[in-house]
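K.L.:
Sequence lines, in order, name chains A and B.
Going by this note's numbering, the first residue of the first sequence is number 372, and it counts up by one from there.
Going by this note's numbering, the first residue of the second sequence is number 52, and it counts up by one from there.
Here a beta-carbon is modelled for each residue, glycine too, at the ideal position from N, C-alpha and C.
Just so it is clear, the structure is predicted and the values come from calculations on it, not from any experiment.
Just passing along the structure, written as structure tokens.
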Amino acid sequence: EDQVTQSPEALRLQEGESSSLNCSYTVSGLRGLFWYRQDPGKGPEFLFTLYSAGEEKEKERLKATLTKKESFLHITAPKPEDSATYLCAVQAWGKLIFGQGTTLQVKP
Amino acid sequence: DTGVSQNPRHKITKRGQNVTFRCDPISEHNRLYWYRQTLGQGPEFLTYFQNEAQLEKSRLLSDRFSAERPKGSFSTLEIQRTEQGDSAMYLCASSLDFGLGGYTFGSGTRLTVV
């Protein structure tokens with residue numbers, strides 16, 4: 372069964388304290404792994420798509436990496452505005468299957 | 052294009068009533084998806100369309116739920132005889148074939164059943 376597991380469920384950081392979020396997946400034939408950001412009461416906002424092991428993508432303080440079994444979202448020197456829930460999803464049979472998300476809080 | 056639009060943004064209904072939500076996808080996207088999200092959880096797949104054809108329905112989708120996409124444009128999701136457990140955020144997304152170019156989500160409809 373296709374499955375996505377994210378850890379930790381919640382993460383509290385001080386401003387400037389770098390860390391990583393994990394996304395482990397099992398899927399029959401990965402076609403793409405997606406990272407989204409979601410603010411309270413809003414829909415998910417697209418961040419990255421990764422297609423093959425070894426691929427990396429960056430956007431501002433965020434960097435996503437992919438291996439054959441997991442993906443990491445690295446956050447470098449986070450700011451309070453990076454506080455949000457980060458969702459990981461795999462593309463399977465034409466649709467996205469999501470993990471439960473990691474809620475990040477960055478304190479000034 | 053203004054992205055994926057969902058209406059209403061919020062809906063409060065009494066248990067047992069029927070509700071209908073609308074989703075307007077990005078105009079050039081031929082695939083449209085419905086998801087449900089409860090507090091602290093990731094979005095859960097419900098169903099998706101390619102043009103007007105409903106290609107897949109989740110086993111979680113009870114008979115009280117029905118979705119349509121007439122003419123392959125906007126879509127509606129109807130919930131009959133609502134229950135308190137239906138309270139959730141209902142998200143709509145759209146994409147090109149096979150998710151090429153990514154999946155774009157709307158802001159969702161928050162349903163509260165009292």
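(1) Run down chain A in chain order and give the residues with a C-beta less than 8 Å from the C-beta of THR155 (chain B).
(2) Could you tell me the boundaries of the beta strand (DSSP E) in which GLN88 (chain B) lies?
(3) Quick check on the DSSP output: what are the complete beta strand (DSSP E) runs of length 3 or more inside the stretch 60-124 of chain B, in order along the chain?
(4) So which residues on chain B does THR420 (chain A) lean against when the C-beta distance must stay under 7 Å?
(5) Whole angstroms is fine: what's the gap from LEU111 (chain B)'s alpha carbon to TYR86 (chain B)'s?
(6) Excluding sequence positions up to five away, which residues of its chain have a Cβ less than 8 Å from the Cβ of PRO121 (chain B)?
(7) Along the stretch 66-84 of chain B, what residues have a CB closer than 7 Å to any CB found in chain A?
(8) I'd like to know if GLY425 (chain A) contacts chain B, where contact means its C-beta is closer than 8 Å to some C-beta of that chain.
(9) Is PHE469 (chain A) close to chain B, meaning its C-beta is less than 8 Å from at least one C-beta of that chain?
(10) Alpha carbon to alpha carbon, how far is SER390 (chain A) from THR436 (chain A)?
(11) Under the rule that 16 or more other beta-carbon atoms within 10 Å means buried, what is PRO449 (chain A), buried or exposed?
(12) If you follow the beta strand (DSSP E) that THR397 (chain A) is in, where does it begin and where does it stop?
(13) Of all the CB atoms in chain A, is at least one closer than 8 Å to the CB of PHE149 (chain B)?
(14) When you compare each of B:SER158, B:VAL164, B:LEU147 to ARG73 (chain B) by their alpha carbons, which one comes out closest?
(15) Taking only three categories from DSSP, how would you classify GLN135 (chain B)?
(16) Alpha carbon to alpha carbon, how far is THR473 (chain A) from THR160 (chain B)? Give it in angstroms, no decimals.
(17) Of all the alpha helix (DSSP H) runs that stay within the bounds of the stretch 444-479 of chain A, which reach a length of 4 or more residues?
(18) Check whether the stretch 463-478 of chain A touches the stretch 55-62 of chain B, counting contact only when three or more Cβ pairs, one atom from each stretch, lie closer than 8 Å.
(19) Going straight from the alpha carbon of TYR99 (chain B) to that of ARG402 (chain A), what length do you get?
(20) Could you tell me whether the Cβ atoms of ALA463 (chain A) and VAL398 (chain A) are closer together than 8 Å?
(21) So with Cβ pairs under 8 Å, would you call GLN92 (chain B) a contact of chain A?
P.N.:
This is what the structure holds:
(1) Here residue 155 (chain B) refers to the residue found at position 104 when the second sequence is read from its first residue. Under the 8 Å cutoff, chain A gives PHE417.
(2) Counting from 1 along the second sequence, the entry for residue 88 (chain B) is found at position 37. From DSSP, the beta strand (DSSP E) with GLN88 (chain B) extends over 82-88.
(3) 61-64, 70-75, 82-88, 95-101, 104-108, 116-119
(4) By 1-based counting over the first sequence, the position of residue 420 (chain A) is 49. GLY153, listed in chain order.
(5) Your numbering for residue 111 (chain B) matches position 60 in the second sequence. Your numbering for residue 86 (chain B) matches position 35 in the second sequence. Approximately 11 Å between the Cα atoms of the pair.
(6) Walking along the second sequence from the start, residue 121 (chain B) turns up at place 70. Within the same chain, PRO121 (chain B) has close Cβ partners GLU103.
(7) TYR84
(8) Position 54 of the first sequence holds residue 425 (chain A). Cβ-Cβ to chain B under 8 Å: no for GLY425 (chain A).
(9) Residue 469 (chain A) sits at position 98 when you count from the first residue of the first sequence. Yes - at least one Cβ of chain B is within 8 Å of the one on PHE469 (chain A).
(10) Here the question's residue 390 (chain A) lines up with position 19 in the first sequence. Here the question's residue 436 (chain A) lines up with position 65 in the first sequence. If you take the alpha carbons of SER390 (chain A) and THR436 (chain A), they lie about 13 Å apart.
(11) Position 78 of the first sequence, counting from 1, holds the residue named residue 449 (chain A). Buried.
(12) Numbered from 1 along the first sequence, position 26 holds the residue referred to as residue 397 (chain A). 390-397 is the extent of the beta strand (DSSP E) around THR397 (chain A).
(13) Numbered from 1 along the second sequence, position 98 holds the residue referred to as residue 149 (chain B). Yes, because at least one Cβ of chain A sits closer than 8 Å to the Cβ of PHE149 (chain B).
(14) Translated into the one-based positions of the second sequence, residue 73 (chain B) becomes position 22. Per the Cα distances, B:SER158.
(15) As a position in the second sequence, residue 135 (chain B) is number 84, starting the count at 1. In this structure, GLN135 (chain B) counts as helix in the three-state DSSP scheme.
(16) Within the second sequence, the letter at position 109 stands for residue 160 (chain B). Within the first sequence, the letter at position 102 stands for residue 473 (chain A). So the two alpha carbons sit approximately 22 Å from each other.
(17) none
(18) no
(19) On the second sequence, residue 99 (chain B) is found 48 positions in, with the first residue counted as 1. On the first sequence, residue 402 (chain A) is found 31 positions in, with the first residue counted as 1. Rounded to the nearest angstrom, the two C-alpha atoms are 18 Å apart.
(20) Within the first sequence, residue 463 (chain A) is the residue found at index 92, counting from 1. Within the first sequence, residue 398 (chain A) is the residue found at index 27, counting from 1. Yes, the pair counts as a contact, with Cβ atoms nearer than the cut-off.
(21) As a first step, residue 92 (chain B) must be located in the second sequence, where it is residue number 41. Yes - at least one Cβ of chain A is within 8 Å of the one on GLN92 (chain B).
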